[in-house]
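**Student:** In my numbering, the protein residues as written are -6 to 276.
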């Protein structure tokens, strides 16, 4: 069956190691859209942090953001939203106090106070660069629990890989673990990891499946490209799963199609091989 929906992870997939979109990737996405395929950016990023990437692509886009918690058009229209109940978020914050230094709570708000922190430390080499690019969206609450005046999108933990693996074990072993979902992203070469604690129905895969059903696309008509642990469910769902050459080893173990790395226009190669060759060019 021809591809009708292309789902693309952003970091480590669409973006190269300098966090740029290559011209080859841009052209392949534009050509897929020209031929009538829908393109979705499926990312752990917040909507406002994903939009600067979306604006570089010459195509209408579906934005499946916050690891599936929100689905929006790139014009800002919300199609689906799954929030984390605030009582669950409060229990998660209590459980993960040993990792509070890297904790944040994310809300679906127009601009201010989207990303709530206890403090912002300029000496934090792991996170300060990211937070400094998002200052207009950041608010503060100390203790962090006091920001929970409404249901958030997620609780986020970040830090070095080893402590984040410890936090993941604690969360997965929590007596209320069935009340939330985890999306874990590990960047072993950079010794950096993120854990998103979400509504239990959320994952990139679950939201991609939900969106495909709403759009009337069969699973076999969906192609997905990813590189990290939080892409696993999305790749399992897609009829054409493609892993990046720079993917974590766990994804390569499934025997899915593999493209080149994010520094070698892997997205463009995959779109050309698995989508464009099967689709007749439009007049």
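Backbone N, C-alpha and C fix where the C-beta goes; we use that ideal spot for every residue, glycine too.
Would you kindly work out how many angstroms separate the C-alpha atoms of residue 87 and residue 164, rounded to a whole number?
**Tutor:** Counted from its first residue, the chain shown places residue 87 at position 94. Counted from its first residue, the chain shown places residue 164 at position 171. Distance between the alpha carbons of residue 87 and residue 164 is about 11 Å.
**Student:** With a threshold of 16 other CB atoms inside 10 Å of the CB of residue 152, please say whether the residue is buried or exposed.
**Tutor:** Translated into positions along the chain shown, residue 152 becomes position 159. Looking at its Cβ environment, which holds 16 or more other Cβ atoms inside 10 Å, residue 152 is buried.
**Student:** Identify the continuous beta strand (DSSP E) that holds residue 235 and give its terminal residues.
**Tutor:** Here residue 235 refers to the residue found at position 242 of the chain shown. Its beta strand (DSSP E) spans residues 233 to 236.
**Student:** With a CB to CB cut of under 7 Å and the five nearest residues on each side skipped, what residues in its chain are close to residue 266?
**Tutor:** Working through the chain shown from its first residue, we reach residue 266 at position 273. Closer than 7 Å at the Cβ level, and outside the excluded window around residue 266, lies no residue.
**Student:** Identify every residue that forms a DSSP beta bridge with residue 190.
**Tutor:** The sequence position of residue 190 within the chain shown is 197, counting from 1. In DSSP, residue 190 forms a bridge with 148 and 175.
**Student:** Quick check on this structure: which residue in 207, 264 and 223 has the alpha carbon closest to the alpha carbon of residue 244?
**Tutor:** As a position in the chain shown, residue 244 is number 251, starting the count at 1. Considering only alpha carbons, the answer is 223.
**Student:** In terms of alpha-carbon separation, which member of 28, 177, 203 and 114 lies closest to residue 75?
**Tutor:** Counting from one through the chain shown, the residue named residue 75 turns up at place 82. Comparing Cα-Cα distances from residue 75 to each of 28, 177, 203 and 114, the minimum goes to 203.
**Student:** Run the CB neighbour count on residue 213, radius 10 Å, all protein chains shown included, and call it buried at 16 or more, exposed below.
**Tutor:** Counted from its first residue, the chain shown places residue 213 at position 220. Residue 213 is exposed by the Cβ-count criterion.
**Student:** Please classify residue 198: is it buried, with 16 or more other beta-carbons within 10 angstroms of its beta-carbon, or exposed?
**Tutor:** In the chain shown, counting from the first residue as 1, residue 198 sits at position 205. Flag for residue 198 reads buried.
**Student:** Using the three-state DSSP reduction, which class does residue 97 fall into: helix, strand or coil?
**Tutor:** For the purposes of this step, residue 97 is taken as the residue at position 104 of the chain shown. Three-state DSSP puts residue 97 in a strand.
**Student:** Within the same chain, show all residues whose beta-carbon is closer than 8 Å to that of residue 33, passing over the 5 residues directly before and after it, in chain order.
**Tutor:** Here residue 33 refers to the residue found at position 40 of the chain shown. Counting only Cβ-Cβ distances below 8 Å, and skipping sequence neighbours, we find -2, -1, 0, 1, 54, 55, 56, 57, 201 and 204.
**Student:** For the beta strand (DSSP E) containing residue 259, name the first residue and the last one.
**Tutor:** As a working note, residue 259 is residue 266 in the chain shown. Unbroken run through residue 259 is the alpha helix (DSSP H), 259 to 267; no beta strand (DSSP E).
**Student:** Considering Cα atoms alone, identify which of 175, 254, 240 and 196 is closest to residue 226.
**Tutor:** The residue you call residue 226 lines up with position 233 of the chain shown. Checking every option, the nearest Cα to that of residue 226 belongs to 196.
**Student:** Going by the DSSP bridge assignment, what does residue 64 pair with across the sheet?
**Tutor:** Looking up residue 64 in the chain shown gives position 71. According to DSSP, residue 64 bridges with 57 and 73.
**Student:** Measure the alpha-carbon distance for residue 273 versus residue 27 and round it to whole angstroms.
**Tutor:** Looking up residue 273 in the chain shown gives position 280. Looking up residue 27 in the chain shown gives position 34. Note that residue 273 scores 48 on pLDDT, short of 50, meaning its location in the model is unreliable; the coordinates nonetheless yield the value given after this. Cα to Cα, residue 273 sits roughly 11 Å from residue 27.
**Student:** Could you give the distance in angstroms between the alpha-carbon of residue 30 and the alpha-carbon of residue 22?
**Tutor:** Taking the chain shown and counting its residues from 1, the one referred to as residue 30 is at position 37. Taking the chain shown and counting its residues from 1, the one referred to as residue 22 is at position 29. Residue 30 and residue 22: Cα-Cα distance of roughly 9 Å.
**Student:** Thinking just about the alpha-carbon of each residue, which of 172, 168 and 155 is nearest to the one in residue 187?
**Tutor:** By 1-based counting over the chain shown, the position of residue 187 is 194. Among 172, 168 and 155, the Cα nearest to that of residue 187 is on 155.
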